[in-house]
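Trainee: According to mature numbering (1 follows the signal peptide of the UniProt record, and there is no 0), the sequence shown holds residues -24 to -1, 1 to 305 in order.
I'd like to ask you about the structure that follows.
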Amino acid sequence: MLSAKIASLCLLAFGIGLAGPAKAQDCANRGTLDARYCDANRDLLADTPTDAAKQKDPDTLIFSYTPVEDPSVYENVFADFLAHLSKVTGKKIKWFGAESYAAQVEAMRSGRLHIAGVASGPTPFAVNLAGFVPIVAMAKKDDSIGYTLQLIVPKDSPIKSIADLKGKRVAHVAPSSNSGDTAPRILFKEKGVVPGKDYEVLYSGKHDNSIMGVVNKDYDAAPVASSVVERMADRGMFKRDDIRIVYESSPFPRTAFGLAHDLKPELQAKIKQAFLSFDFLNSALAKEFKDTKGFKELSYKDAWGDIILIQGNSGITYTQDGLSKLKGD
């Protein structure tokens, strides 16, 4: 459980987010949330509006999955779940193929996105700037919801450790990526190697670009998410012995699936029910996420505590400027 001390750090680590065009709410507590949101129960998430007139109940729900790889691939993978979501909610469901993390955040912030799977690093941006409320994550067969940062190199590379990265060309994913940028900047520095100073940082844009760049020896190394490495290897995009893992971190939470804070409570309950009642193992999702048994309820405050602190130590702010740095993802 996240301690009270860490919770306080989570609230103080960043400046207040952008106010945006919507009128700021008058509330006693909002922590790091944008001025349009309140957090009365101090769970670090935007509260559902108390005014029923501001609660939304759209006829069509827009769903998006994090742009880790080609979005068109995942529209088919999620087809079974979206059919189930439609049945449980009684709503039409439309797929939104986000091309970047920023596009997801901006779509939800503007009210054009209602349900999303958001990657671990961008999740706090979505929470603070767009009122995103994480509710579940994919649980592995051991019931964990974690993944690790893996530093990968070509199989015949002379690189044996983080120290050997000095003077090399290393692919980072994007400034918002937890395992692909913010975490290695903190964790590698602790081991005496400063990214951008001791080695050249080259942003690839996506985890799959970093991985294939290492496979094809376009980069000397890359910090990436273990979950993406596994999925791509399972799909046959490269052979597992094409790369070596020279460093692996402790686990981080995987993609957060959640919804817009201003949906009607009854609709929010149905969306949550859809995730938790979905027959994952007999769906297309099980074929793609082979280590997963289904969706599991989560606590954002608990699960994202370490990531929030890493981002705070990296100087990241949940502001318009911070969001603008996601646009190249």
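Glycine included, every Cβ here is placed at the ideal spot set by N, Cα and C.
Counting along the chain, where does the beta strand (DSSP E) carrying histidine 148 start and finish?
Mentor: As a first step, residue 148 is located in the sequence shown; it is residue number 172 there, counting from the start. 145 to 148 is the extent of the beta strand (DSSP E) around histidine 148.
Trainee: Counting Cβ pairs closer than 8 Å, one from the stretch 220 to 229 and one from the stretch 176 to 183, do we hit at least three?
Mentor: Not touching, per the Cβ criterion.
Trainee: Can you give the Cα-Cα distance for phenylalanine 214 and methionine 208, rounded to whole angstroms?
Mentor: Counting from 1 along the sequence shown, the entry for residue 214 is found at position 238. Counting from 1 along the sequence shown, the entry for residue 208 is found at position 232. Computed Cα separation, rounded: 7 Å.
Trainee: Exposed or buried, arginine 85, counting other C-beta atoms within 10 Å across all chains shown (16 or more means buried)?
Mentor: By 1-based counting over the sequence shown, the position of residue 85 is 109. Arginine 85 should be labelled buried.
Trainee: Take proline 43 as the anchor and find which of Arg145, Lys30, Ala55 and Glu75 has the nearest alpha-carbon.
Mentor: Reading the sequence shown from its first residue, position 67 is the one you call residue 43. For proline 43, the nearest C-alpha among the options comes from Glu75.
Trainee: Per DSSP, what kind of secondary structure is isoleucine 247 in: helix, strand or coil?
Mentor: Translated into the one-based positions of the sequence shown, residue 247 becomes position 271. Three-state result, isoleucine 247: helix.
Trainee: Distance check for valine 49 and leucine 261, CA to CA, integer angstroms please.
Mentor: Counted from its first residue, the sequence shown places residue 261 at position 285. Counted from its first residue, the sequence shown places residue 49 at position 73. Roughly 11 Å separates the two Cα atoms.
Trainee: So, for asparagine 289: in the same chain, excluding its five sequence neighbours on each side, which residues have a beta-carbon less than 6 Å away from its beta-carbon?
Mentor: As a position in the sequence shown, residue 289 is number 313, starting the count at 1. Once the five neighbours on either side are set aside, the close Cβ partners of asparagine 289 are Ile162.
Trainee: Kindly indicate which three-state DSSP category valine 170 falls into: helix, strand or coil?
Mentor: Counting from one through the sequence shown, the residue named residue 170 turns up at place 194. Coil at valine 170, not helix or strand.
Trainee: In the structure shown, what three-state DSSP assignment does arginine 36 receive?
Mentor: Here residue 36 refers to the residue found at position 60 of the sequence shown. The amino acid at residue 36 is misidentified as arginine; the sequence shows threonine. Reduced to three states, the DSSP call for threonine 36 is strand.
Trainee: Go to phenylalanine 108, then tell me how far its alpha helix (DSSP H) extends in each direction, as first and last residue.
Mentor: Within the sequence shown, residue 108 is the residue found at index 132, counting from 1. Looking at the DSSP string, phenylalanine 108 is not in any alpha helix (DSSP H); the run it does join, the beta strand (DSSP E), is 108 to 116.
Trainee: For the beta strand (DSSP E) containing leucine 235, list its first residue and its last residue.
Mentor: Translated into the one-based positions of the sequence shown, residue 235 becomes position 259. That run of the beta strand (DSSP E) goes 232 to 236.
Trainee: Does DSSP put proline -4 in a helix, a strand or coil?
Mentor: Taking the first residue of the sequence shown as position 1, residue -4 is located at position 21. Confidence is the limiting factor: at proline -4 the pLDDT is only 44, short of 50, which leaves the residue's position unreliable, though a coordinate-based value still follows. Coil, per DSSP.
Trainee: Report the option in Pro98, Leu299, Ala28 and Met114 whose CA atom is closest to the CA atom of proline 241.
Mentor: Counted from its first residue, the sequence shown places residue 241 at position 265. It is Ala28.
Trainee: In this structure, how does DSSP classify threonine 295 when only helix, strand and coil are distinguished?
Mentor: Looking up residue 295 in the sequence shown gives position 319. It is coil, neither helix nor strand.
Trainee: DSSP three-state call for glutamine 126: helix, strand or coil?
Mentor: As a position in the sequence shown, residue 126 is number 150, starting the count at 1. If DSSP states are grouped into helix, strand and coil, glutamine 126 belongs with the strands.
Trainee: In chain order, which alpha helix (DSSP H) runs of at least 4 residues are fully inside the stretch 177 to 237?
Mentor: Counting only runs of 4 or more, we get 183 to 191 and 202 to 210.
Trainee: To the nearest angstrom, how far is the alpha carbon of threonine 295 from that of threonine 24?
Mentor: Counting from one through the sequence shown, the residue named residue 295 turns up at place 319. Counting from one through the sequence shown, the residue named residue 24 turns up at place 48. Distance between the alpha carbons of threonine 295 and threonine 24: 21 Å.
Trainee: State the Cα-Cα distance for the pair glycine 298 and glutamate 82, rounded to the nearest angstrom.
Mentor: Taking the first residue of the sequence shown as 1, we reach residue 298 at position 322. Taking the first residue of the sequence shown as 1, we reach residue 82 at position 106. Those two C-alpha atoms are separated by around 12 Å.
Trainee: Exposed or buried, which one is serine 253 when buried takes at least 16 other CB atoms within 10 Å?
Mentor: Locating residue 253 in the sequence shown gives position 277, where the first residue counts as 1. The residue is exposed, with fewer than 16 neighbouring Cβ atoms inside 10 Å.
Trainee: Use the C-beta contact count for leucine 30: other C-beta atoms within 10 angstroms, 16 or more gives buried, fewer gives exposed.
Mentor: Counted from its first residue, the sequence shown places residue 30 at position 54. It should be pointed out that residue 30 corresponds to lysine in this sequence rather than to leucine. Looking at its Cβ environment, which holds fewer than 16 other Cβ atoms inside 10 Å, lysine 30 is exposed.
Trainee: Should arginine 211 go down as buried or exposed, given a rule of 16 or more other Cβ atoms within 10 Å for buried?
Mentor: Against the sequence shown, residue 211 aligns to sequence position 235. Per the 10 Å Cβ criterion, exposed.
Trainee: Measuring only the C-alpha atoms, how far is glutamine 126 from threonine 26?
Mentor: By 1-based counting over the sequence shown, the position of residue 126 is 150. By 1-based counting over the sequence shown, the position of residue 26 is 50. Going from the Cα of glutamine 126 to the Cα of threonine 26 covers about 43 Å.
Trainee: When you compare only the Cα positions, how much space is there between phenylalanine 72 and alanine 250?
Mentor: Looking up residue 72 in the sequence shown gives position 96. Looking up residue 250 in the sequence shown gives position 274. Their backbone Cα atoms lie some 19 Å apart in a straight line.
Trainee: What's the gap between the Cα of proline -4 and the Cα of lysine 131?
Mentor: Counting from 1 along the sequence shown, the entry for residue -4 is found at position 21. Counting from 1 along the sequence shown, the entry for residue 131 is found at position 155. Low local confidence applies: a pLDDT of 44 at proline -4 is under 50, so the model's placement there is unreliable, with the coordinate-based value given in what follows. Computed Cα separation, rounded: 51 Å.
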